[in-house]
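Taking it in order: structure first as structure tokens, then the write-up.
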Amino acid sequence: MADNRISTKLIAFITISALVIAIVAYLGSQTIGYQALRQQYAMEAEGKAELSRVVDLIESVLHTEEEKLRQGDESAVQQTFILEGNQLIYPDTTESLSMKEQAFVQKIAPIVENSSSLYQAYLNEGTAIPEDGWYIRHDQDLPLWIFWQQSDSQITGYSVNYSYLMSQILNQLADGSYDSNSMIALEDNGQLLFQNHAQDDATIRYTTQQLTFPFNYWQLNYYAAPYNGWLIYTLGTVVIIVLCLVLGWLFWRVYQEYQRIQNTARQQVNFVSQVSHELKTPLTNISLFAELLQEEPLNESSQKYSEIIHSESKRLTRLIQNILSFTKKREPTLSNFDLVDLVKQITVTFQPSYESKNLTLNLQLPENCQMHSDQDAITQIINNLLSNAEKYGAMGKVVDVTVEKNEQGIIVKVRDYGEGINQKHLSQIFKPFYRVHSKITEGVAGTGIGLTIAHQLAESIHGTITAHPQDQGIEFRLFIGQR
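Be aware that the sequence shown starts at 1, since it is given in the UniProt record's numbering, and climbs by one per residue.
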């Protein structure tokens, strides 16, 4: 049975340890994944900031060229047209036009037919119609870039040199400063327009940004070297493995220490049990001869001494019986007896020690109380309760012992009028070796197992024992149900 119990404890310990280590490993893996994801987000955020700066450069070039056109600087203008209503008034198509002018008129024919196409792109993006803006068409060999201005009913359009505009933008981008560990590429419908410099290790595209009108066909890509995800996972895995090994070692050391303490406690209990068992015989003889001595004609002093010997031997017998009951599981022995007679016999044995402490036993008993139960178990329970009252309730001067019988069963009450027990200790007092630390327990000898044994014995006879704090002192109640 002991081997099975140890095996069960070992299995439970291994299960709990494995569960804790698994939780640590899981949380560690989640942390590693979080750190890797955080690193990736950091790279993406860095890329977005870099692309935003490039977009600002491009837009600043466009704004500069727009301002030049507004001020009448036509150095970048290839051709001009003027619309009034839906009529092209310049170039004048009623006159003879050069081939260049004829080609230009053909290019702007959709605008002439429907002037609202000039600001259709702004409507598509949900912005208000400006007083000037851009018209872009990509169905030619070179894109047609027209900057237009509206004044009353007249619209003036300027065909801007696309190559000039591109050179201004690319020169501005080329003069910009960039992170040496990254690469930025500008594409127009998949065609590469600009790349800051070639980085062999910048192979991962972390983020991309589509530009808005009039560069809505352009896309910026941010490339950088792969982040050290392998390093994060490798170091993280090593740390988790080491941590799990350390936890496993610590758990094993704790289990070994627990086993050592259990073995030591078991050896101590076995030793105490053997010694207590050996003491039973001489104690029985002492008690017997003390009783015989009391029957002899003795003077007053000798009679008092014999009573003390007999009382102390009984007390030591009860202490040994407590130890033996604590170390060995006993089966109840049922018999019929009168509980009132039993309580009277028990209180007689306590009378000398109570009188020595000026304690009065106040018995409140019915005429009789027949019951079928374990007489020895009930005797030991009441002995322990009276012994506790003697130790810790002496200042109250009175101990009440009451027996009550009702339809549910029989109740034995032992109440003292001492300082009692604080509410916070009530859930602990029936645990082995627990003693309430207070001024009334200082200097009072005790093993801390009396109430534990009383609780165990009460359970063995299908009863209960409970503690009830009073205004003064405490009352213990032993309840034994009807069989």
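Just so it is clear, CB atoms sit at the ideal spot from N, CA and C, and this is done for glycine as well.
All values reported here derive from a predicted model rather than from experimental measurement.
What does a CB cutoff of less than 8 angstroms around threonine 360 pick up in its chain, not counting 5 residues either side in sequence?
Tyr354, Lys397, Val398, Val399
Other residues of its chain near aspartate 201: CB distance less than 6 angstroms, five sequence neighbours each side excluded
Ala225
So, using beta-carbon positions, are isoleucine 461 and alanine 377 closer together than 8 angstroms?
yes
For the candidate residues Thr379, Leu288, Thr464, Ala45, whose alpha-carbon lies nearest to that of tyrosine 206?
Ala45
On the three-state DSSP scale, how would you describe tyrosine 26?
helix
From what residue to what residue does the beta strand (DSSP E) around isoleucine 146 run?
144 to 151
Give me the Cα-Cα distance between leucine 19 and valine 254, rounded to the nearest whole angstrom.
16 angstroms
Taking the beta strand (DSSP E) that leucine 478 falls in, what are its first and last residues?
474 to 481
In angstroms, rounded to a whole number, what distance separates the CA positions of asparagine 368 and asparagine 299?
37 angstroms
Below-8 angstroms beta-carbon distance, aspartate 341 vs any chain B residue:
The question asks about chain B, but that chain is absent: this structure has only one protein chain.
Since I believe serine 182 is in contact with glutamate 50 (beta carbons under 8 angstroms), could you give me their beta-carbon distance rounded to a whole number of angstroms?
7 angstroms
Whole-angstrom C-beta distance between tryptophan 145 and threonine 156, which should lie under 8 angstroms:
Going by Cβ atoms, the distance from threonine 156 to tryptophan 145 rounds to 15 angstroms, so no, they are not a contact pair.
Give every residue of the same chain whose Cβ lies closer than 6 angstroms to the Cβ of leucine 211, excluding the five residues on either side of it in the sequence, and list them in chain order.
Trp218
When you compare only the Cα positions, how much space is there between isoleucine 23 and asparagine 422?
40 angstroms
Could you tell me whether the region 80 to 96 touches the region 168 to 175, using the rule of 3 or more Cβ pairs below 8 angstroms?
no
Sort Asn383, Asp374, Ile308, Ser356 by Cα distance to residue 492 and report the nearest one.
Lying outside 1 to 483, the shown extent of the chain, residue 492 is not represented and no answer is given.
Go ahead and pull the three-state DSSP assignment for phenylalanine 430.
coil
Could you give the distance in angstroms between the alpha-carbon of glycine 47 and the alpha-carbon of tyrosine 122?
28 angstroms
Does the distance from the CB of proline 130 to the CB of isoleucine 136 come in under 8 angstroms?
no
How many whole angstroms separate the CB atoms of asparagine 406 and glutamine 370, which I take to be in contact at a CB cut-off of 8 angstroms?
Their Cβ separation, rounded to whole angstroms, is 15 angstroms, which puts asparagine 406 and glutamine 370 out of contact at 8 angstroms.
In the DSSP output, what is leucine 88 paired with across the bridge?
Leu83
Inter-stretch contact at 8 angstroms, needing at least 3 Cβ pairs: the region 410 to 417 / the region 470 to 480:
yes
Checking the sheet assignment: what are the DSSP bridge partners for glutamate 374?
First, the amino acid is wrong: residue 374 is aspartate here, not glutamate. Aspartate 374 is bridged to Leu334.
Among Pro352, Ile346, Thr284, nearest to tyrosine 305 - alpha-carbon criterion:
Pro352
Assigned secondary structure, isoleucine 108 (DSSP; H/G/I helix, E/B strand, else coil)
coil
Taking the alpha-carbon of glutamate 84 as reference, which of Ser153, Glu291, Ile480 has the nearest alpha-carbon?
Ser153
Quick check on the DSSP output: the alpha helix (DSSP H) that includes proline 352 runs from which residue to which?
339 to 356
What does DSSP give as the partner residue(s) for glutamine 154 in the beta ladder?
Glu84, Ser151
Bridge partner(s) assigned by DSSP for arginine 415
Asp400, Glu475
Whose CA, out of Ile453, Asp416, Val403, Gly481, lies closest to the CA of histidine 468?
Asp416
Neighbour-count burial assignment, serine 387, 16 or more Cβ in a 10 Å radius
buried
Under 8 angstroms between the Cβ atoms of aspartate 132 and arginine 70?
yes
Rounded to a whole number of angstroms, what is the C-alpha to C-alpha distance between glutamate 65 and lysine 107?
22 angstroms
Delimiting residues of the alpha helix (DSSP H) encompassing glutamate 459
450 to 460
Just list the residues that DSSP pairs serine 182 with in beta bridges.
Ala224
Quick one: Cα of leucine 235 to Cα of histidine 455, how far?
55 angstroms
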